[in-house]
Structure formats: structure tokens, C-alpha cells
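Student: Dropping a structure here in C-alpha cells format, bear with me for questions.
In UniProt numbering, the protein residues as written are 1 to 145.
Encoded structure:
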């Protein structure tokens, strides 16, 4: 079991990284989207024909909150919401052409943000950082719970 000092170190890192990435900002980069709205948009891009319920489950969001986000993204003409051909009560989500452009911009801006974050690190430090993130991901997210 971790000591309180070890827990504090992890929490401190999380707070600093959240701040560095601007996750507490009202909007992501130069968009009108919140972080959660941007993540929903990216998830729709990742998984073709995903349902609103799968988005909520996949991102750990409340279904009602997800529904409100999807209505906003639809109103902004970023997402299409259509009835499923299998079950008319179910909806299928896809990106509009504007939605695809927005995801591309978000991805490019995110890549630039990370490049800027590590620009002053030596190649060895960049490799060590990458390996550390790979280790964290493997330990926390790729094991059976």
C-alpha cells in the first residue's frame, strides 16, 4: 500500500499535468468546446457508428450529460445523430464534415502542445519520458481488474 507521501506525489503530478494541458480552461484550444465535449467528439471519430450509451460508458459519463453534449455538438453541425436501422429507439453517431475538420484541428493542436511541452528536453529525456508514460499506461490501464 502507498504511503501518504507517495499518494501526495501522484496527486501533485496530476494537478500539475492538468494545469499544463489546460484541462481546467473553459474551452479547448481556440474552440468553443469544453474538454469533455472535445473528448466526446474524438471518441465518435475513433469508433464509427457508436451509440450515445457507448460514448457514456466508454468515457465514464452520465448518460443525461452525454445527451446534452451530443445535442450541442449536433446543433453546432459537428455530429450526426440518426436512428439505428436495427433498433429505432437506439441512435447512431457520426461526424459531419465540419466535425471531421474539428477533430483534425484538435489532434493537430494537441500534438503541438505536447511537442512544445517536451521541446527543451534532450533526446534521452524525451525517450525516458515516453517510456515512463508507456509504463504508467501499461500498469494502470492495460491490466485486468
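Even for Gly, the Cβ is constructed at its ideal location relative to N, Cα and C.
If you're wondering where the values come from, they're calculated on a predicted model, not measured in any experiment.
#1: Going by beta carbon distance, what residues of the same chain come within less than 8 Å of residue 74, once the five residues before and after it are set aside?
#2: Residue 20 and residue 117 - do their beta-carbons sit closer together than 8 Å?
#3: Judging by CA-CA distance, which residue of 32, 24 and 9 is the nearest neighbour of residue 106?
#4: What residue from 16, 49, 48 and 37 has the CA that sits closest to residue 59's CA?
#5: Residue 103 by DSSP, collapsed to three states: which one?
#6: Just to confirm the assignment: which complete alpha helix (DSSP H) runs, minimum length 4, are found wholly within the UniProt domain "HTH marR-type" (1-138)?
#7: Using only CA atoms, which one of 5, 115 and 92 lies nearest to residue 54?
#8: Identify, in the order they occur along the chain, each residue of the same chain with its Cβ nearer than 6 Å to the Cβ of residue 114, setting aside the five sequence neighbours on each side.
#9: How about residue 48 and residue 56: are their beta carbons less than 8 Å apart?
#10: Report the residue from 98, 120 and 5 whose alpha carbon sits nearest the alpha carbon of residue 42.
#11: To the nearest angstrom, how far is it from the Cα of residue 147 to the Cα of residue 39?
#12: So the candidates are 51, 136, 7 and 111; which of them puts its Cα closest to the Cα of residue 88?
#13: So, at 6 Å on beta carbons, what are the nonlocal neighbours of residue 109 in its own chain, with the 5 sequence-adjacent residues on each side left out?
Tutor: Per the coordinate set shown:
#1: Within the same chain, residue 74 has close Cβ partners 80 and 81.
#2: yes
#3: 32
#4: The candidate whose alpha carbon is nearest that of residue 59 is 37.
#5: helix
#6: 4-20, 35-46, 52-59, 63-75 and 97-118
#7: 92
#8: none
#9: no
#10: 98
#11: Residue 147 lies beyond the range of the chain shown here (1 to 145); nothing can be said about it.
#12: 51
#13: 29
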